[in-house]
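Residue numbers (UniProt numbering): 115 to 484.
Even for Gly, the Cβ is constructed at its ideal location relative to N, Cα and C.
Heads up, the thing below is written out as structure tokens.
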Ligand code: GDP
Ligand code: MG
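Right under this line is the structure:
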């Protein structure tokens, strides 16, 4: 199977949970005892604990789907990069995401510009790029906290008139911990007092040396407001994606991450999913965190009804029994009955774990009172 809770992982390693949580933080993942982590995350944490882990064929936890073995990823194909924009407040993250969307959404799709599903895909020279259109760092951090890694490349926005600020540093640290490549967009070059070289100079203090200065950090001067440098920036994203050799098997059961979710009065639970592996189809049954459902309808980022979505494509779906949480993972399973059974098992498990955590803390409290 693919997922394991932190508690189960600690049990398997025969290590105290606190030590495992510490190891996870060390590898850049903030995870609680009940959170599920994927194999790659577990492997990284185990490495820092100097324990070797080997992927098992099956899993006795009862919460994983045995059809989801990574060994099934046989036909790896190129997939679009998934990009998150980060940076200090007011440096132009929202403006840049708007500029990219407006520059790349064609007239015929223009009606969809107002559509907001938390992620969108643009096309440059026939190649797709998916942007996670999330406010600030929260979603990225929340997803990573839940063990989900849904970003391939980060565009770090730095205002040319302001330079590196605390949240810029925070973003750099997140990327380093998660080993996500950074492309720097030096924004607001139209503003008086803009100083691109000063930003590059400041970046070197954080180990990011611009390519033109002999380093390997791509820096692109842009103006989100005046739409300068947008295509250059997107070209650099595609170039980086090429180097990263991003691939996924589109011919397996779908798996991915919840980007956004809400309860719509008329439509019920609505979720934006980012497909990361396989292909998701209308009619598929999925397990999402502790909820489940059979996909009744699916829409793309322009609000158009679609029937299927492959790797790196964001979709809005209807048909879930409850509203999942952003950062939850989803997996396609055999049928709705299986999905419901697994969701119920997860709920029971989560509850009992919460209770045992509570009991521990009550005992701690009691011994302190004594
Ligand atoms: P965020 O907090 O990082 O999302 O920043 P916003 O996109 O909300 O931008 C903050 C302010 O900077 C807004 O008033 C924008 O209009 C302005 N701004 C963003 N990009 C540019 C730019 O390239 N040039 C100029 N002159 N202003 C910009
Ligand atoms: Mg903003």
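{"query": "Residues of its chain near residue 286, where Cβ-Cβ distance is below 6 angstroms and the 5 sequence neighbours each way are ignored", "result": "320"}
{"query": "Alpha-carbon to alpha-carbon, residue 342 and residue 121", "result": "49 angstroms"}
{"query": "Completely contained alpha helix (DSSP H) runs for the segment 409 to 438, where each covers 4 or more residues", "result": "none"}
{"query": "Buried or exposed (CB count within 10 angstroms, at least 16 for buried), residue 465", "result": "exposed"}
{"query": "Nearest-angstrom Cα separation, counted from residue 362 out to residue 436", "result": "29 angstroms"}
{"query": "Distance between beta carbons of residue 301 and residue 324, contact taken as under 8 angstroms", "result": "Not a contact, Cβ separation roughly 15 angstroms."}
{"query": "Pick from 217, 410, 314, 383 that is closest to residue 327, judged by C-alpha positions", "result": "314"}
{"query": "Cutoff 6 angstroms; reference residue 376; Cβ partners in own chain excluding five residues on either side", "result": "384"}
{"query": "Residue 367 versus 358, 469, 391, residue with shortest Cα-Cα distance", "result": "391"}
{"query": "Start-to-end residues for the alpha helix (DSSP H) that takes in residue 214", "result": "207 to 218"}
{"query": "Straight-line Cα distance separating residue 438 from residue 461", "result": "12 angstroms"}
{"query": "Nearest candidate by alpha-carbon position, reference residue 441, set 208, 128, 147, 265", "result": "265"}
{"query": "Cutoff 6 angstroms; reference residue 338; Cβ partners in own chain excluding five residues on either side", "result": "206, 209, 210, 213, 301"}
{"query": "Backbone CA spacing between residue 124 and residue 270 [nearest angstrom]", "result": "35 angstroms"}
{"query": "Backbone secondary structure at residue 62 - three-state DSSP", "result": "Because the chain in this structure spans residues 115 to 484, residue 62 falls outside the shown range and cannot be described."}
{"query": "Three-state secondary structure assigned by DSSP to residue 346", "result": "helix"}
{"query": "Per-residue burial, residue 133 [other beta carbons within 10 Å of its own, 16 or more giving buried]", "result": "exposed"}
{"query": "Distance between residue 374 and residue 318 (C-alpha atoms, nearest Å)", "result": "35 angstroms"}
{"query": "Unbroken beta strand (DSSP E) run spanning residue 335, endpoints", "result": "332 to 335"}
{"query": "Cα-Cα separation, residue 130 to residue 241", "result": "47 angstroms"}
{"query": "Pairwise C-alpha distance: residue 370 and residue 388", "result": "6 angstroms"}
{"query": "Neighbour-count burial assignment, residue 193, 16 or more Cβ in a 10 Å radius", "result": "buried"}
{"query": "Residue 198: CB within 7 angstroms of a non-hydrogen atom of the ligand MG", "result": "no"}
{"query": "Residue 282 Cβ short of 7 angstroms to the ligand MG heavy atom set", "result": "no"}
{"query": "Cβ contact check for the segment 444 to 459 and the segment 411 to 430: 3 or more pairs under 8 angstroms", "result": "no"}
{"query": "Residue from 162, 118, 149 with nearest C-alpha to residue 136", "result": "162"}
{"query": "Neighbourhood of residue 331 by C-beta, 7 angstroms cutoff - its chain only, sequence neighbours within 5 removed", "result": "296, 298, 317, 322, 323, 324, 325"}
{"query": "Opening and closing residue of the alpha helix (DSSP H) in which residue 320 lies", "result": "Unbroken run through residue 320: none, as it is neither H nor E."}
{"query": "Rounded separation between residue 234 and residue 128 - CA only", "result": "43 angstroms"}
{"query": "C-alpha distance - residue 280 paired with residue 201, whole-angstrom precision", "result": "9 angstroms"}
{"query": "Residue range of the unbroken beta strand (DSSP E) whose run includes residue 272", "result": "267 to 273"}
{"query": "Beta-carbon spacing of residue 386, residue 232 below 8 angstroms", "result": "yes"}
{"query": "DSSP beta-bridge partners of residue 234", "result": "245"}
{"query": "Proximity of residue 142 and residue 308 at Cβ, strictly below 8 angstroms", "result": "no"}
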